Ligand SMILES: Cc1cc2nc3c(=O)[nH]c(=O)nc-3n(C[C@H](O)[C@H](O)[C@H](O)COP(=O)(O)OP(=O)(O)OC[C@H]3O[C@@H](n4cnc5c(N)ncnc54)[C@H](O)[C@@H]3O)c2cc1C
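Numbering (the working numbering), first residue to last: 1 to 307.
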């Protein structure tokens, strides 16, 4: 089966669905292909979402999908495996065999959180194993919080979570030496620093045991620093290159999500590793508007030539 449209959107998270609505409201035909793995799908609640504080992430996306469908957006639950340019069209081939042909591509494929390789971390990810003080911080305020020294952001995270609780311990784990100035700050703020690698996380939600070999520690929440890897394989297939970032890698964009691959735009976490739901949604709307503007300009040039 082949589907033809003005714009194909890869990903029906906050970014892709918002972009699709902006495009459809500009009377553009839009196909959204979605693999069904939104990043915060593991969480029960999404916070800092204006007007929908604490909404269940999957409910929010389902409502967004219904709104988009109301404007004629077509959703396909499948995975794009091949993306290529064929003359003046893009062709995206889906795992199920369908081909989508479009004039423009909006990549809203999100990112993968590469978690520290410690048994048990994945099991509690999104509930008692956290990364973002703005997503889950209020919920663990005042609690016994551990920070796993697992990435370049760990020291910053320690200070951010110290704002939320007086009882914060930094487990140095794989973190190299803590700079003297930071060590002094942590001591002044009453943050304990525990040496040694955490070998396993076990327990129940809200009551985690960290196995350090000779000793064990308990915390109510554990903060980790994942590596943020943009889902950029399709961008690479289209001739783009991922840009390295201290916390991972991402698709570089300009205003309106424009990339350096003509006709390809990006929005949400694939291009902004720090974007939360509202920012991802906003960038999707801006990219939708930019794509429509691009198509309007192309249509106007074509109209003159056709006279
Ligand atoms: C544990 C956790 C909790 C969070 N809590 C909050 C919170 O409380 N508040 C908040 O504002 N933010 C929160 N976030 C951040 C939030 O998840 C992101 O801001 C948001 O998901 C970004 O939206 P997006 O559309 O860019 O990507 P996503 O929501 O990840 O959506 C991307 C979609 O693209 C699809 N996709 C990828 N590749 C393909 C392909 N090749 N073919 C088809 N489909 C594809 C995926 O399956 C996925 O459905 C949290 C993040 C995590 C990890």
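We treat Cβ as the ideally placed atom computed from N, Cα and C, and that holds for glycine. Computed from a prediction, not measured in an experiment: that's the story for all the values here.
In the structure shown, what three-state DSSP assignment does residue 29 receive?
As a position in the chain shown, residue 29 is number 29, starting the count at 1. Here residue 29 sits in coil by DSSP.
Note down, one range per segment and in chain order, each alpha helix (DSSP H) of at least 4 residues found wholly within the stretch 1 to 30.
14 to 24
Looking at residue 13 and ligand 1, is the gap between the Cβ and the nearest heavy atom below 7 Å?
Within the chain shown, the letter at position 13 stands for residue 13. Yes, since a heavy atom of ligand 1 falls inside the 7 Å radius drawn around the Cβ of residue 13.
Just the C-alpha distance for residue 51 and residue 15, rounded to the nearest angstrom, thanks.
Reading the chain shown from its first residue, position 51 is the one you call residue 51. Reading the chain shown from its first residue, position 15 is the one you call residue 15. Straight-line Cα distance between these residues: approximately 17 Å.
Within the same chain, show all residues whose beta-carbon is closer than 8 Å to that of residue 218, passing over the 5 residues directly before and after it, in chain order.
The sequence position of residue 218 within the chain shown is 218, counting from 1. The answer, listed in chain order, is 144, 203, 207, 208, 209, 210.
What are the partner residues of residue 170, as DSSP defines its beta bridges?
The residue labelled residue 170 in the question sits at position 170 within the chain shown. For residue 170, the pairing in a beta bridge is given by DSSP as 147, 193.
In the DSSP assignment, what residue or residues form a beta bridge with residue 311?
Coverage of the chain is limited to positions 1 through 307, which leaves residue 311 absent and any answer about it impossible.
Confirm, please, whether the CB-CB distance from residue 8 to residue 33 is below 8 Å.
On the chain shown, position 33 is the one that residue 33 refers to. On the chain shown, position 8 is the one that residue 8 refers to. Closer than 8 Å, so yes.
Ordered along the chain, which non-local residues of its own chain (more than five positions away) have a Cβ less than 7 Å from that of residue 174?
What you label residue 174 is simply residue 174 of the chain shown in a count that begins at 1. Excluding sequence neighbours, residue 174 sits near 149, 150, 197.
If I follow the unbroken alpha helix (DSSP H) through residue 123, where does it start and stop?
Locating residue 123 in the chain shown gives position 123, counting from the first residue. Here the alpha helix (DSSP H) through residue 123 covers 121 to 124.
Any heavy atom of ligand 1 closer than 7 Å to the CB of residue 34?
Position 34 of the chain shown, counting from 1, holds the residue named residue 34. Under cutoff, so the answer is yes.
Should residue 146 and residue 169 be called a contact, given that it needs their Cβ atoms to be closer than 8 Å?
Mapped onto the chain shown, residue 146 falls at position 146. Mapped onto the chain shown, residue 169 falls at position 169. Annotated as proximal: residue 146 and residue 169, with beta-carbon spacing under 8 Å.
Endpoints, alpha helix (DSSP H) assigned at residue 159:
Position 159 of the chain shown holds residue 159. Residues 154 to 162.
Sorted by chain position, which residues of the same chain lie with C-beta nearer than 7 Å to residue 339's C-beta, five sequence neighbours on each side aside?
Coverage of the chain is limited to positions 1 through 307, which leaves residue 339 absent and any answer about it impossible.
So is the beta-carbon of residue 245 under 7 Å away from any non-hydrogen atom of ligand 1?
Working through the chain shown from its first residue, we reach residue 245 at position 245. Not so, every heavy atom of ligand 1 lies at least 7 Å from the Cβ.
Looking at the structure shown, is residue 202 part of a helix, part of a strand, or coil, going by DSSP?
Counting from one through the chain shown, the residue named residue 202 turns up at place 202. The answer is strand: DSSP assigns residue 202 an E or B state.
Consult DSSP for residue 133 and reduce its assignment to one of helix, strand or coil.
For the purposes of this step, residue 133 is identified with residue 133 of the chain shown, where counting begins at 1. Residue 133 falls in the helix class under three-state DSSP.
The stretch 77 to 86 in contact with the stretch 18 to 25 per 3-pair CB rule at 8 Å:
Judged by Cβ distances under 8 Å, the stretch 77 to 86 makes no contact with the stretch 18 to 25, as fewer than three pairs qualify.
Would DSSP call residue 278 helix, strand or coil?
Here the question's residue 278 lines up with position 278 in the chain shown. If DSSP states are grouped into helix, strand and coil, residue 278 belongs with the helices.
Whether or not the stretch 26 to 44 and the stretch 70 to 82 are in contact is what I'm after, with contact meaning three or more pairs of Cβ atoms, one per stretch, closer than 8 Å; do they touch?
yes
Going by DSSP in three states, residue 244 sits in which element: helix, strand or coil?
The count along the chain shown starts at 1 and reaches residue 244 at position 244. Strand at residue 244.
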